[in-house]
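Numbering (the UniProt record's numbering), first residue to last: 1 to 164.
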Amino acid sequence: MHIGAGGSSDPEEVPGIAHLCEHMLFMGSEKYPIEHNFSRFIRQRDGHYNGHTYTFMTEYYFDIAPKHLEEALDRFIHMFISPLFTESALEREVQAVDSEFKDFQAFDAQRENKIVGSLSRTGSSVSKFICGNIDTLWNIPRAKDINVRSEVIKFFETHYCDTK
């Protein structure tokens, strides 16, 4: 599934919120409230899943044996119908995003993105920091009295929900 919003859609005050939203969708839904229910279901059946946040889109995908597809699809669609966005999961997923940020620093592609971003016009989509880290998703927003959970929900409702 592709969502037509990625890091370029992040609000200025919370860079990385699209990436955090991607993480949070895997953390339970109203129908399947146990955290990691979808990922556990897929892995226990030798499947594979992931999500990626890019500059202009976010993608989610999974692969599983056909006999488990119906159950997997039900779990998958409920991630988008009624995600929980719990505060406890939020804190852990901010840490997970920060860990990814630190891990990606060593990749050549990440270095290349930084160079391209630094050479781009200030404010352009390419120059935006889209990964997020502990500072952009926790420390700075808290210092500015910004509720990150509310920002994730607002991002989801704006970019993932059909309000027309």
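Glycine included, each C-beta is placed from N, C-alpha and C at the ideal position.
Could you say which of the options lies nearest to residue i if we only look at CA atoms?
i: N37; options: I153, G16, L84; result: L84
i: E87; options: R149, P15, I3; result: R149
i: M27; options: E91, S99, I146, F56; result: E91
i: Y160; options: K128, L25, D63; result: L25
i: K67; options: I77, F41, H78, N50; result: F41
i: K102; options: I134, N147, R75; result: I134
i: E93; options: L69, L137, I77; result: L137
i: N139; options: Q105, S9, G16; result: G16
So, at 7 Å on beta carbons, what are the nonlocal neighbours of residue i in its own chain, with the 5 sequence-adjacent residues on each side left out?
i: P33; result: L84
i: H19; result: G7, T53, V97, I130, C131, G132
i: R75; result: Y32, N37, F38, F41
i: I146; result: E13, V14
Beta-carbon within less than 6 Å of residue i's beta-carbon, same chain only, minus the 5 sequence neighbours each way: which residues are those?
i: F156; result: C21
i: E59; result: H2, H52
i: I153; result: F85
Following the continuous beta strand (DSSP E) through residue i, name the residue where it begins and the one where it ends.
i: F62; result: 58–63
i: T53; result: 48–53
Output needed for residue i: all residues of its chain with C-beta closer than 8 Å, excluding positions within five of it in sequence on either side, in chain order.
i: K164; result: With a pLDDT of 43 at K164, under the threshold of 50, the predicted position of this residue should be treated as unreliable, though the coordinate-derived value follows. Hits under 8 Å: none found.
i: S82; result: S29, E30, K31
i: G4; result: F56, M57, H159
Could you give the C-beta distance for residue i and residue j, rounded to a whole number, given that I count them as a contact under 8 Å?
i: F56; j: G6; result: 5 Å
i: A96; j: H23; result: 6 Å
i: E35; j: A89; result: 6 Å
i: R45; j: A65; result: 6 Å
i: A72; j: F80; result: Wrong, their Cβ atoms sit about 14 Å apart, outside the cutoff.
i: K144; j: E13; result: 7 Å
So residue i is in the alpha helix (DSSP H); what residue range does that whole segment cover?
i: Q105; result: Unbroken run through Q105: none, as it is neither H nor E.
i: C161; result: Per DSSP, C161 belongs to no alpha helix (DSSP H) and is neither H nor E.
i: residue 196; result: Lying before the first or after the last residue shown, residue 196 is absent from the chain, which here runs from 1 to 164.
i: I42; result: 37–44
i: H78; result: 69–81
i: I17; result: 17–25
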